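Colleague:
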DNA sequence: ATTGTGCGGTAAACCGCTTAACTGAGGCGT
DNA sequence: ACGCCTCAGTTAAGCGGTTTACCGCACAAT
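Protein chains in written order, with our numbering: chain L, 2 to 355; chain U, 2 to 355.
1. What in chain U is Cβ-close to residue 281 (chain L), meaning under 9 Å?
2. DSSP on residue 159 (chain L), reduced to helix/strand/coil?
3. If you measure beta-carbon to beta-carbon, which residues of the region 105-135 of chain L are closer than 7 Å to chain U?
4. Would you call the CB atoms of residue 263 (chain L) and residue 179 (chain L) closer than 7 Å?
5. First and last residue of the alpha helix (DSSP H) that includes residue 321 (chain L)?
6. Are the beta-carbon atoms belonging to residue 112 (chain U) and residue 148 (chain U) less than 7 Å from one another?
7. What are the complete beta strand (DSSP E) segments, minimum 3 residues, inside the region 273-343 of chain L?
8. Would you tell me roughly how many angstroms separate the C-alpha atoms of residue 192 (chain U) and residue 122 (chain U), rounded to the nearest one?
9. Give me the residue from L:22, L:299, L:198, L:21 with the minimum Cα distance to residue 322 (chain L).
10. Quick check: is the beta carbon of residue 83 (chain L) nearer than 7 Å to any beta carbon in chain U?
11. What residues in the region 282-310 of chain L bring their beta carbon closer than 7 Å to a beta carbon of chain U?
12. Scan the region 124-170 of chain L and note each continuous beta strand (DSSP E) run of 3 residues or more that stays entirely inside, going in chain order.
13. Within the same chain, show all residues whose beta-carbon is closer than 7 Å to that of residue 175 (chain U), passing over the 5 residues directly before and after it, in chain order.
14. Which word fits residue 355 (chain L), buried or exposed, when buried means at least 16 other C-beta atoms lie within 10 angstroms of its C-beta?
15. Between the region 71-83 of chain L and the region 270-285 of chain L, are three or more C-beta pairs nearer than 8 Å?
16. I need the DSSP call for residue 267 (chain L), collapsed to helix, strand or coil.
17. Got a sec: is the Cβ-Cβ distance from residue 88 (chain L) to anything in chain U below 7 Å?
18. Return the residues of the region 45-64 of chain U that lie within a Cβ-Cβ distance of less than 7 Å from chain L, sorted by chain order.
19. For the alpha helix (DSSP H) that contains residue 2 (chain L), what are its first and last residues?
20. By the criterion of Cβ-Cβ separation under 7 Å, what are the contact partners of residue 235 (chain L) in chain U?
21. In whole angstroms, what is the alpha-carbon distance linking residue 83 (chain L) and residue 125 (chain U)?
22. Quickly, what does DSSP pair residue 67 (chain L) with across the bridge? List them, please.
23. Is there a Cβ of chain L sitting closer than 7 Å to that of residue 354 (chain U), yes or no?
24. Name the two residues that bound the continuous alpha helix (DSSP H) containing residue 1 (chain U).
25. In chain order, what residues of the same chain lie with their CB nearer than 7 Å to the CB of residue 267 (chain U), ignoring the 5 residues before and after it?
26. According to a CB-to-CB cut-off of less than 8 Å, which residues of the region 186-215 of chain L neighbour chain U?
27. Considering just the uninterrupted stretch of the alpha helix (DSSP H) at residue 204 (chain L), what are its terminal residues?
28. Shorter than 7 Å from the beta carbon of residue 100 (chain U) to some beta carbon of chain L?
29. Do residue 108 (chain U) and residue 117 (chain U) have their beta-carbon atoms positioned less than 7 Å apart in this structure?
30. Tell me, please, whether the CB atom of residue 23 (chain L) is closer than 7 Å to any CB atom in chain U?
31. Just verifying my parser: in three-state terms, what is the DSSP assignment at residue 95 (chain U)?
32. Can you tell me whether residue 106 (chain U) is buried or exposed, with buried defined as 16 or more other CB within 10 angstroms of its CB?
33. For residue 97 (chain U), would you say it is in contact with chain L, using Cβ-to-Cβ distances shorter than 7 Å as the test?
34. Taking 7 Å as the limit between beta carbons, can you name the residues of its chain near residue 45 (chain U), skipping five residues before and five after?
35. With 7 Å set as the bound, which would you pick, yes or no: does the beta-carbon of residue 69 (chain U) sit closer than that to a beta-carbon of chain L?
36. Measuring only between beta-carbons, confirm whether residue 137 (chain L) sits less than 7 Å from chain U.
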């Protein structure tokens, strides 16, 4: 392994000078700079991050702590991660994905080792035990998501209010009055406290109330299966509904499938609007989902930036809320003609198979 | 920060003794062991991994190098990663996901820093430049996937031959004679050399030939969109086909959607068998996909083990090939009754919309 | 001529841990 | 009683950088 010493020797300077040049922490004359750079080139020098980390107490590694067990790592998360990693690299940091449990014990383990300078926390719960762990350890961190209590916590998050407002407005503009939200399943202990679900549901209640519409919510977990079941519940419990908002993208796939399966046409019979969705998932539905596109790339980047600001001692980035933007697909249209009367029997419903 | 010195002091021993105890590298009497352990407890000592890494030249970190740009990080990959991470943790290693480019320059960067003890390489190409990089750097590595030339490379991979054999047999047992493979798009430069696609196609040619069936292959990239298009091509180019094997799981979703969209019933009119698929994706189709389940958990674990064996100097794990196992869904049934004659016109085809 | 003083550069003390070489106190065979 | 081995512990030399204190020098101000 070629070390700084080797470089210094070959360039005829002291190793401190090499270090100063490398870190740009003290000026170096053009002549010596050239000699050193040549020496580094000749020798193929690469600075050892471990030694640097030990001496400077900065590893230049930041971790994205992801609860791999509780939350599946799907395409949305993948977006967060890659954009965050890119942002980190631009500032000479490494972003690595670290699978940790939601309870914080593995996180504490990780922090104790002194391996990471900071943490980007994902899938934040409203009252997240991991935050205590981070604060106790004194490790800088940024949240993608928000807790209830966010005094002085640097965070970025989806602007759920705007997102839901825009979504509902879109449906209203298409003439819909009968809406249903297929929300998250807050009874599931894993998600009881899960920010996006709680906040979306809250926003929905608020927005719908402001339109003087009835609040109709069906809980549903984050799978296609569950989405199908939820679709069935819509048909029996709210047959008058003409438009369905779906919080989870995988559930949205199930909702579309479920409705089609029972002989309904999308968007003729029902409009479906998927709330937090990436294009890849939207494309998996037939017809392609109209969606509020999760601002994954923006948030990943902003989250990393917020953390790096702290690490570099710059003035902190103010908390930012980014709404999901409407991306028209083919699952939203005007409401079907109001039924004459009674049951859900409609043209097409005859073909129901299950 | 509480260091080993503090612990040693409090326990009244030298810091070397503490180190020996911690690493179990030299015997320590029960008495001193107890004193040291108590001291560590009292002080809340956590060993500093960075210092350890510098001194021992082992970071106990292994990287899973993932070409995040070229390959989307989907559910399958997520499976590989989490199972590999689990296996690593069991052996006191950390597995982190490192996004690197496919060309090897970022990988070289990473290795130069001395941050990782070894690398698990994913999405291996038949002739992968990253392997040269790893060998030059002298970094131990294991492949999930295979190159063409695999002299002495420790690797694990999918057993494509068995997988395809089992898949074709399954369809044959259901009475199908007219098969099509919707394969990968090897014309795409990003995938020209991509092992799974090349190997699956090869295996298919072989297997189908052994059954004396015609070789019918349609290239298709890894998206739902492309799957829909491929379905259309099947209808026009091979209208006699009754069963379709699909290499990529997202394409499989598109194939099902595309066929249904043009008024065909699955599995009545066409059987669809998705070759390398995870249950989550299979569930997104309606009806649920019959699939060959990607052995992600097994391979992630085996890959990590193979690498750790090298790192620990144990005798190497022999290369292992694991087939994908058949998981019946609802997209395979017997072939439709042979048409009387002519075109693809069938009951239901009237409903075609696009 | 004297005194700052700004600047490119050096020497050396760490950073927290590992590990090879060494020490010293029993235990044992003869 | 002597040497010899074993074994728990200790000493100290790194690992490859960073960083503080210091040094000599040229140039400007006094």
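All C-beta atoms, glycine included, are put in the ideal place defined by N, C-alpha and C.
These numbers were taken from a predicted model, which means no experiment stands behind them.
Modeller: The structure says:
1. What residue 281 (chain L) touches in chain U: 73, 75, 224, 225, 251.
2. In the structure shown, residue 159 (chain L) sits in a strand (DSSP, three-state: E or B).
3. From the region 105-135 of chain L, only 113, 114, 115, 116 have a Cβ closer than 7 Å to chain U.
4. No, the Cβ-Cβ distance between residue 263 (chain L) and residue 179 (chain L) is not below 7 Å.
5. Element bounds for residue 321 (chain L): not the alpha helix (DSSP H) but the beta strand (DSSP E), 321-323.
6. One thing to note: residue 112 (chain U) has its Cβ no nearer than 7 Å to the Cβ of residue 148 (chain U).
7. Here the runs fully enclosed are 291-294, 321-323, 326-328.
8. Taking the straight line joining both Cα atoms gives about 16 Å.
9. Answer by Cα proximity: L:299.
10. True, the Cβ-Cβ gap to chain U drops below 7 Å.
11. Against chain U - using a Cβ distance shorter than 7 Å - the residues of the region 282-310 of chain L are 284, 285, 287.
12. Secondary structure in the region 124-170 of chain L: the beta strand (DSSP E) runs of 3 residues or longer, each lying completely within the stretch, are 142-145, 156-159 in chain order.
13. Within the same chain, residue 175 (chain U) has close Cβ partners 272, 333, 334, 335.
14. Per-residue confidence for residue 355 (chain L) stands at a pLDDT of 41, beneath the threshold of 50, marking its modelled position as unreliable; no derived number is given.
15. Flag = yes, the region 71-83 of chain L and the region 270-285 of chain L touch.
16. In this structure, residue 267 (chain L) counts as coil in the three-state DSSP scheme.
17. Cβ-Cβ to chain U under 7 Å: no for residue 88 (chain L).
18. Residues passing the 7 Å Cβ filter: 47, 49, 50, 51, 52, 54, 55, 60.
19. No alpha helix (DSSP H) holds residue 2 (chain L); DSSP gives it neither H nor E.
20. Those within 7 Å of residue 235 (chain L) in chain U number zero; the least Cβ separation is about 16 Å.
21. When only Cα atoms are considered, residue 83 (chain L) and residue 125 (chain U) end up about 20 Å apart.
22. DSSP, once it has assigned bridges, lists L:100 as partnering residue 67 (chain L).
23. Interpretation of residue 354 (chain U) is limited by its pLDDT of 43, a score under 50 that renders its predicted location unreliable; the figure taken from the coordinates is listed afterwards. False, the Cβ-Cβ gap to chain L never drops below 7 Å.
24. The structure shown does not extend to residue 1 (chain U), since chain U is modelled only from 2 through 355, so no value can be given for it.
25. Apart from sequence neighbours up to five positions away, the residues of its chain that approach residue 267 (chain U) with a beta-carbon distance below 7 Å are 257, 260, 261, 273, 288, 332, ordered along the chain.
26. Under the 8 Å Cβ criterion, the region 186-215 of chain L contributes no residue.
27. Counting along the chain, residue 204 (chain L) sits inside the alpha helix (DSSP H) bounded by residues 196-211.
28. Judged by the 7 Å Cβ criterion, residue 100 (chain U) is in contact with chain L.
29. Going by C-beta atoms, residue 117 (chain U) is not nearer than 7 Å to residue 108 (chain U).
30. No, because no Cβ of chain U sits closer than 7 Å to the Cβ of residue 23 (chain L).
31. Here residue 95 (chain U) sits in strand by DSSP.
32. Here residue 106 (chain U) is exposed. Its C-beta has fewer than 16 other C-beta atoms within 10 Å.
33. So yes, residue 97 (chain U) belongs to the interface.
34. If we look at residue 45 (chain U) and ignore the five residues flanking it on each side, its Cβ neighbours are 3.
35. Judged by the 7 Å Cβ criterion, residue 69 (chain U) is in contact with chain L.
36. No, because no Cβ of chain U sits closer than 7 Å to the Cβ of residue 137 (chain L).
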